[in-house]
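*Asks:*
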Amino acid sequence: MQTFDLATRGLRELNQTLHALRGTTNETAWEIVNAKGSHAIAVGVDAPLDITVRGSTGYYCAGMNKQATIRIDGNAGPGVAENMMSGRVIIEGDASQYAGATGRGGLLVIKGNASSRCGISMKGIDIVVHGSIGHMSAFMAQSGNMVVLGDAGDALGDSLYEARLFVRGSVKSLGADCIEKEMRPAHLAMLAELLERGEAGHKAKPEEFRRYGSARKLYTFNVDNAAAY
Amino acid sequence: MTDFPHTPPRFSATFTPDVNAEIRRAAATGIYDIRGGGAKRRVPHFDDLLFLGASISRYPLEGYRERCDTSVVLGTRFAKKPIVLDIPITIAGMSFGALSGPAKEALGRGASAAGTSTTTGDGGMTEEERGHSKTLVYQYLPSRYGMNPDDLRRADAIEVVVGQGAKPGGGGMLLGQKISDRVAEMRNLPKGIDQRSACRHPDWTGPDDLEIKILELREITDWEKPIYIKVGGSRPYYDTALAVKAGADVVVLDGMQGGTAATQDVFIENVGMPILACIPQAVQALQDLGMHRKVQLIVSGGIRSGADVAKAMALGADAVAIGTAALIALGDNDPVWEAEYQKLGTTAGAYDDWHEGRDPAGITTQDPELAARFDPVLGGRRLKNYLKVMTLEAQTIARACGKNHLHNLEPEDLVALTIEGAAMAGVPLAGTNWIPGKTGF
Ligand SMILES: Cc1cc2nc3c(=O)[nH]c(=O)nc-3n(C[C@H](O)[C@H](O)[C@H](O)COP(=O)(O)O)c2cc1C
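In the order they appear, the protein sequences are chains W and D.
Quick note: the first sequence, position 172, residue 172 per my numbering, numbers continuous.
Just add 1000 to the spot in the second sequence (first one is 1) and you have my numbering.
Quick look at the structure:
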């Protein structure tokens, strides 16, 4: 385990050090201490590293992550794991707005709650939230899966495309073109696997969730649907 | 019976035939008109300006003999690897999806041969474009279609798109007809559906967030790449100042004449300001912050000739970008396809239904048969020629004004032909010393 003190060595050196490991296959373990809400911690990592950030992070922690497992031992600021490509990001606490925005792959696990716009424009990422999510979550979500053990706020899945949303608790309201869909055996199996990978297998059962997705009515503009926009 | 003279038929200046036709079209279809291109109405433009040339007090440089440099360096503020271009005319961002793969290739070929850069667009980075562009600017758009860290790293600069002149405040639009398998896959969306991309970035709002977003992009790319911020011409003074504050290396400012692949006509014609009105305000903001020439300014929107380039630079821009003109150089709207334009109910020069994907010239389409009509090698050569001509024209004017670098052109070299032009550009009306709004008349 290598320890990196952000307070003494600074952000630039941190990311430069992690980037220098690009192309390596060693699953080295790193611990970043004194995060103190800094922005852009461990962004653009592209190696199978195991990174633990001690403390809470500012904006865009783990942005565009590839391959690495990044664990935040605290809360995460806005845009955590934005545009993640692969790997895993696990937040022990809560996450602010836009968690996992535009994520294209990998797994984002939020053990607390997530604020508004969680999974906005998601493009293939899997997101598992142990708590609840705020309004406008999964707005224009393109693909990937979002699993919420708690409740969802207003306008869930507004204008979404092919992403699948699974919510265990209540949904305050569904956004335009988002509807409840039938939960089929294949979905239950997928959900079981997602819960397991999302470190929530012991907290919930697939049967307790409801599935939401696109009604696909806004896919091509139709003047009779104009009021929905 | 006496034949009294009667009033000849008279058309309204308000309800013109065009206006009436649009009312009938709207009544018949129930949907607004979508089209490509920029504002078609006449707005104050570079045509309203003239150069004074040399005189007794200013001597000219010898054409063809005395040097007049054209190079420009972009990204000197923070980037470890600024971009050096031979000419100050860049190719603006146009999406793969709006344009065919071979058209993007031709832009890369032509720009590289002329010593300048190309820019990706809403559809992500294609191999055609990266492979054929010596210098490629990678757009970071609200939709983030295809966005990935590998392409960020293999780009030469990053352009954060906040807005576009044709539609400040509007998002992207790529209608189903143009969503081929390849386009759909790059954007991670089902084939054949209408793609209305977001108008706001998904993970930041406002200038303070933007500053942090730029920090993130710089960290991901190890502070190597210049970061541009592109804004539509709406509040150029404040947008430029805020872009500088947010940490931009380069500000890209696009006026209302700027082209688009597909937008509502009402948006194109009624939102945003002409580029002529935008440049002086942006330059003022840079000067007020002590950043003129330190943060470079690229302007676009209706740039057609070396004269336009020279005028934009005389007003204080460091470089320009072209979209529509580059497409025309490639062969868009060429009268050789007139018979086919007629079949589409239009005529060469007026064709703007780029969103329908049936472009006879094979440029703004994803239809393999139409796209095959377009030869990227020939297209690249034509674009190179055109860029060279524009450069020669700008140099001709600069030498006549006694300038040994295009950057040395200045507002004092200009006068305006119209009061509007004088007020917007902040240069005197020709034959007077009147700058409306500035001097005491
Ligand atoms: C076909 C086409 C596609 C465009 N696509 C984009 C785009 O993806 N992103 C963007 O920022 N601007 C886009 N633009 C706008 C150009 O980048 C540029 O601002 C504009 O074309 C400049 O004005 P001009 O066409 O008068 O030269 C597009 C323009 C055209 C004509």
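A virtual CB, placed ideally from N, CA and C, is assigned to each residue, including glycine.
Quick caveat, the model's predicted, so the values are computed rather than measured.
1) Give the list of continuous alpha helix (DSSP H) stretches no shorter than 4 residues that lie fully inside the segment 1121-1193 of chain D.
2) Taking C-alpha atoms, which residue in Ala1321(D), Ala1262(D), Ala1013(D), Arg1065(D) lies nearest to Asn1404(D)?
3) Three-state secondary structure (DSSP) at Glu245(W)?
4) Going by DSSP, name the residue or residues bridged to Phe1051(D).
5) What are the start and end residues of each continuous beta strand (DSSP E) run of 3 or more residues lying completely inside the segment 1214-1266 of chain D, in chain order?
6) How about Ala40(W): is its C-beta nearer than 8 Å to some C-beta of chain D?
7) Ordered along the chain, which non-local residues of its own chain (more than five positions away) have a Cβ less than 6 Å from that of Gly1301(D)?
8) Classify Lys1081(D) as helix, strand or coil using the three-state DSSP reduction.
9) According to DSSP, simplified to helix, strand and coil, what is Leu1429(D)?
10) Is Gln1257(D) a contact residue of ligand 1, with contact defined as CB to any heavy atom under 7 Å?
11) Closer than 8 Å, CB to CB, is Asp46(W) near chain D or not?
12) Rounded to whole angstroms, what's the CA-CA distance from Ile32(W) to Ile51(W)? Just pull it up for me.
13) Are three or more beta carbon pairs between the segment 203-222 of chain W and the segment 176-195 of chain W nearer than 8 Å?
14) Does Asp1151(D) get closer than 8 Å to chain W when you measure Cβ to Cβ?
15) Taking Cβ-Cβ distances shorter than 7 Å, what residues in chain W pair up with Arg1144(D)?
16) What number of angstroms, rounded off, separates the C-alpha of Asp1181(D) from the C-alpha of Leu1286(D)?
17) Quick one, which of Gly1172(D), Ala1155(D), Leu1107(D) has its alpha-carbon nearest Phe1267(D)'s?
18) What are the boundary residues of the beta strand (DSSP E) that Thr1118(D) is part of?
19) Starting from Thr17(W), trace the beta strand (DSSP E) both ways and give me its first and last residue.
20) How many Å lie between Leu1107(D) and Asp1332(D) at the Cα?
21) Just to check my reading of the structure: Gly175(W) and Phe139(W) have Cβ atoms closer than 8 Å, yes? What is that Cβ distance to the nearest angstrom?
22) Tell me the DSSP secondary structure of Val1309(D) in three-state form.
23) Starting from the beta carbon of Leu231(W), find every residue of chain D whose beta carbon is closer than 7 Å, and list them in chain order.
24) Based on Cα-Cα distance, which residue from Ile90(W), Thr25(W), Ala47(W) lies nearest to Thr57(W)?
25) Per DSSP, what are the beta-bridge partners of Ala1423(D) in this structure?
26) Is Lys1230(D) near ligand 1, with its Cβ less than 7 Å from a heavy atom?
27) Along chain D, which residues have their Cβ under 9 Å away from the Cβ of Tyr59(W)?
28) By the criterion of Cβ-Cβ separation under 7 Å, what are the contact partners of Glu162(W) in chain A?
29) Compute the distance between the beta-carbons of Ala1111(D) and Ser1133(D), then report whether it is under 8 Å.
30) What does the Cβ neighbour count give for Lys1191(D), buried or exposed, with the cut at 16 atoms within 10 Å?
31) So, do the segment 1397-1417 of chain D and the segment 1060-1077 of chain D have three or more beta carbon pairs nearer to each other than 8 Å?
32) Would you please state the rounded distance, in angstroms, between the beta carbons of Gly93(W) and Asn75(W)? I believe it to be under 8 Å.
33) Taking 7 Å as the limit between beta carbons, can you name the residues of its chain near Asp46(W), skipping five residues before and five after?
34) Can you tell me the Cβ-Cβ gap for Met1291(D) and Val1250(D), rounded? I've got them flagged as a contact below 8 Å.
35) Between the segment 211-224 of chain W and chain D, which residues of the former have a C-beta closer than 7 Å to a C-beta of the latter?
36) Mind checking the segment 5-30 of chain W against chain D and listing, in chain order, the residues whose C-beta falls within less than 8 Å of any C-beta there?
*Replies:* According to the data block:
1) DSSP runs (the alpha helix (DSSP H)) wholly in the segment 1121-1193 of chain D: 1127-1132, 1149-1154, 1181-1187.
2) Numbered from 1 along the second sequence, position 404 holds the residue referred to as residue 1404(D). Asn1404(D) has its Cα closest to that of Arg1065(D), out of Ala1321(D), Ala1262(D), Ala1013(D), Arg1065(D).
3) Because chain W here runs from 1 to 229, residue 245(W) falls outside it and cannot be looked at.
4) Residue mapping note: residue 1051(D) aligns to position 51 of the second sequence, counting from 1. For Phe1051(D), which the question treats as bridged, DSSP gives the partners Leu1414(D).
5) Fully enclosed beta strand (DSSP E) runs of 3 or longer: 1227-1232, 1250-1254.
6) One-based indexing of the first sequence puts residue 40(W) at position 40. Contact of Ala40(W) with chain D is assigned, a C-beta pair being separated by under 8 Å.
7) Within the second sequence, numbered from 1, the residue matching residue 1301(D) stands at position 301. The beta carbon of Gly1301(D) sits closer than 6 Å to those of Gly1165, Asp1254, Gly1255, Gln1257, Gly1258, Ile1275, all from its chain and outside the five residues before and after it, given in chain order.
8) As a working mapping, residue 1081(D) is identified with position 81 in the second sequence. Note: Lys1081(D) maps to coil in three-state DSSP.
9) Position 429 of the second sequence, counted from the first residue, corresponds to residue 1429(D). Looking at Leu1429(D) - three-state DSSP - the assignment turns out to be strand.
10) As a position in the second sequence, residue 1257(D) is number 257, starting the count at 1. Yes, Cβ of Gln1257(D) sits closer than 7 Å to a heavy atom of ligand 1.
11) Residue 46(W) sits at position 46 when you count from the first residue of the first sequence. Yes - at least one Cβ of chain D is within 8 Å of the one on Asp46(W).
12) Translated into the one-based positions of the first sequence, residue 32(W) becomes position 32. Translated into the one-based positions of the first sequence, residue 51(W) becomes position 51. For Ile32(W) and Ile51(W), the gap between their C-alpha atoms comes out near 7 Å.
13) In this structure the segment 203-222 of chain W touches the segment 176-195 of chain W; the number of beta carbon pairs closer than 8 Å is three or more.
14) Residue numbering aside, residue 1151(D) sits at position 151 when the second sequence is read from its first letter. Asp1151(D) is outside the set of residues whose beta carbon lies under 8 Å from a beta carbon in chain W.
15) Sequence index remark: in the second sequence, residue 1144(D) carries index 144 (1-based). What Arg1144(D) touches in chain W: Asn83, Thr102, Ser121.
16) One-based indexing of the second sequence puts residue 1181(D) at position 181. One-based indexing of the second sequence puts residue 1286(D) at position 286. The C-alpha of Asp1181(D) lies about 44 Å from the C-alpha of Leu1286(D).
17) Here residue 1267(D) refers to the residue found at position 267 of the second sequence. Comparing Cα positions, the closest option is Gly1172(D).
18) As a first step, residue 1118(D) is located in the second sequence; it is residue number 118 there, counting from the start. From DSSP, the beta strand (DSSP E) with Thr1118(D) extends over 1117-1119.
19) Translated into the one-based positions of the first sequence, residue 17(W) becomes position 17. Run containing Thr17(W): none in the beta strand (DSSP E); it sits in the alpha helix (DSSP H), 11-19.
20) Counting from one through the second sequence, the residue named residue 1107(D) turns up at place 107. Counting from one through the second sequence, the residue named residue 1332(D) turns up at place 332. Linking Leu1107(D) to Asp1332(D) through their CA atoms gives a straight-line distance of about 13 Å.
21) If you number the first sequence from 1, residue 175(W) lands on position 175. If you number the first sequence from 1, residue 139(W) lands on position 139. Contact flag correct, Cβ pair sits at about 7 Å.
22) As a working note, residue 1309(D) is residue 309 in the second sequence. Reduced to three states, the DSSP call for Val1309(D) is helix.
23) Past the edges of chain W, shown from 1 to 229, lies residue 231(W), and the structure says nothing about it.
24) Taking the first residue of the first sequence as 1, we reach residue 57(W) at position 57. When the alpha-carbon of Thr57(W) is set against those of Ile90(W), Thr25(W), Ala47(W), the nearest one is in Ile90(W).
25) One-based indexing of the second sequence puts residue 1423(D) at position 423. Beta-bridge pairing links Ala1423(D) to no other residue.
26) Your numbering for residue 1230(D) matches position 230 in the second sequence. Within the cutoff, so yes.
27) By one-based count along the first sequence, residue 59(W) stands at place 59. Result: Asp1203, Trp1204, Asp1209, Ile1212, Lys1213, Leu1215, Glu1216.
28) Looking for chain A here will not work: the only protein chains present are W and D.
29) In the second sequence, counting from the first residue as 1, residue 1111(D) sits at position 111. In the second sequence, counting from the first residue as 1, residue 1133(D) sits at position 133. Less than 8 Å separates the beta-carbon of Ala1111(D) from that of Ser1133(D).
30) The residue labelled residue 1191(D) in the question sits at position 191 within the second sequence. So Lys1191(D) ends up on the exposed side.
31) The segment 1397-1417 of chain D makes contact with the segment 1060-1077 of chain D; the number of CB pairs closer than 8 Å reaches 3 or more.
32) Residue 93(W) sits at position 93 when you count from the first residue of the first sequence. Residue 75(W) sits at position 75 when you count from the first residue of the first sequence. Contact holds; Cβ gap of about 4 Å.
33) Here residue 46(W) corresponds to residue number 46 of the first sequence, with the count starting at 1. Annotation for Asp46(W): Arg22, Lys66, Gln67 place their beta carbon closer than 7 Å to its own, counting only its chain and skipping 5 residues before and after.
34) Here residue 1291(D) corresponds to residue number 291 of the second sequence, with the count starting at 1. Here residue 1250(D) corresponds to residue number 250 of the second sequence, with the count starting at 1. 11 Å between Cβ atoms; not a contact.
35) Listed by position along the chain: Tyr219, Thr220, Phe221, Val223.
36) Those would be Leu11, Arg12, Asn15, Gln16, His19, in chain order.
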